[in-house]
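Asker: Numbering (this note's numbering) for the sequence shown: 5 to 78.
No residue lacks a Cβ here, since even glycine has one placed at the ideal position from N, Cα and C.
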Amino acid sequence: MGFPSLSGEQLLIIADVFCAEYDVDVADFSALYAAASVTRAQFSGIRVHTPDTVGPALAATIIKLAPLTDRNAE
Numbered sequence: 005m006g007f008p009s010l011s012g013e014q015l016l017i018i019a020d021v022f023c024a025e026y027d028v029d030v031a032d033f034s035a036l037y038a039a040a041s042v043t044r045a046q047f048s049g050i051r052v053h054t055p056d057t058v059g060p061a062l063a064a065t066i067i068k069l070a071p072l073t074d075r076n077a078e
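(1) Going by DSSP in three states, valine 28 sits in which element: helix, strand or coil?
(2) Do you know offhand how far glutamine 14's Cα is from phenylalanine 33's?
(3) Quick test of your reading: valine 42 and proline 8, contact by CB under 8 angstroms. State the CB separation rounded to the nearest angstrom.
(4) Excluding five sequence neighbours on each side, which residues of the same chain lie with their C-beta closer than 7 angstroms to the C-beta of alanine 31?
(5) Helix, strand or coil for arginine 51 per DSSP?
Here you go:
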């Protein structure tokens, strides 16, 4: 089984669906891309997150960076 990760483009697709459902917009595309990079973060080939911690880390980063106009904590 592969390690879970998202590209910036994949997270944008998810954000577009979320925005349409909840009537919000992407306010900061750079922040959205930065959030996606959390899923692939590594130093010297060693992953920063495990499969169990990558989801919560992504959620925490989205809350901190607030790439959407509202509902970043949803």
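Answerer: Based on what the coordinates show:
(1) By one-based count along the sequence shown, residue 28 stands at place 24. Reduced to three states, the DSSP call for valine 28 is coil.
(2) By one-based count along the sequence shown, residue 14 stands at place 10. By one-based count along the sequence shown, residue 33 stands at place 29. Cα-Cα distance, rounded: 13 angstroms.
(3) Numbered from its first residue, the sequence shown carries residue 42 at position 38. Numbered from its first residue, the sequence shown carries residue 8 at position 4. Rounded, the Cβ-Cβ distance is 11 angstroms, inconsistent with contact.
(4) The residue you call residue 31 lines up with position 27 of the sequence shown. Excluding positions up to five away in sequence, the list reads Pro71, Leu72 and Thr73.
(5) Here residue 51 corresponds to residue number 47 of the sequence shown, with the count starting at 1. Note: arginine 51 maps to strand in three-state DSSP.
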